[in-house]
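Numbering (UniProt numbering), first residue to last: 1 to 182. Glycine residues also receive a C-beta, built at the ideal position from the N, C-alpha and C atoms. Comments concern the structure below.
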Amino acid sequence: MTTLPDRDRTALLVIDVQNDVVADNHDRDGVIARINTLIDKARAEDVPVVWVQHNDDELWRDSAGWQYVPELRRRDDEPLVHKSYYDSFEDTELESVLAKHRVGRLVVTGAQSDFCIRSTLQGALVRGYDALLVADAHTTEDLSKYGAPTPDLVIAHTNLYWSGQHVPGRKGGTVNTAEVVF
């Protein structure tokens, strides 16, 4: 239902599943396993897998912590988008990558639920994309010592918030890994 013309394809976004980003995240191993399941399914169905990788003053490009976790393997022919802001579209090549592949619908996974995941979902909807969040394939760290809810509650709230998102001609929504249809 995207508002983008001639964008009939879906892509899987794998956002910021980097060593330092997910090191101590809630259900880290389970989330990574489910992302791997989705990557395998996307590849089997010839669905583009687009990797997004964050860097900033705290996460230096090319450092060990900046690397994707070893459990996930990007293929050389799969697009890699570098970003420095929470929204994966902001000041990146993501839009041109998606346009090249005629993508109008995104299936979103990765980290951090309350930062880059939320910002990218909202950025996608605003830019004309349908954006589906995989409810059991995103995670975040524990920031409760700063007043945030515990990670399980942040994830649950993100799923609740996004489950009913829609605007004219575009929709959000959530599904679990087993229910993803590309």
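Runs of the beta strand (DSSP E) spanning 3 or more residues and lying entirely within the UniProt domain "Isochorismatase-like" (10-141) occur at 49-54, 80-83, 103-111, 130-139, in chain order. Annotated three-state conformation of V180 is coil, per DSSP.
The way I'd put it, the stretch 108-127 does touch the stretch 11-21; three or more beta-carbon pairs between them come closer than 8 Å.
Following the DSSP letters along the chain, one finds L160 inside the alpha helix (DSSP H) bounded by residues 151-163.
Taking the Cβ atoms as the reference, R7 lies roughly 23 Å from R75, outside the contact range of under 8 Å.
Annotation for E78: P48, V49, V50, W51 place their beta carbon closer than 8 Å to its own, counting only its chain and skipping 5 residues before and after.
Of the residues assessed, Q18 falls on the buried side of the cut-off, its CB having 16 or more other CB atoms within 10 angstroms.
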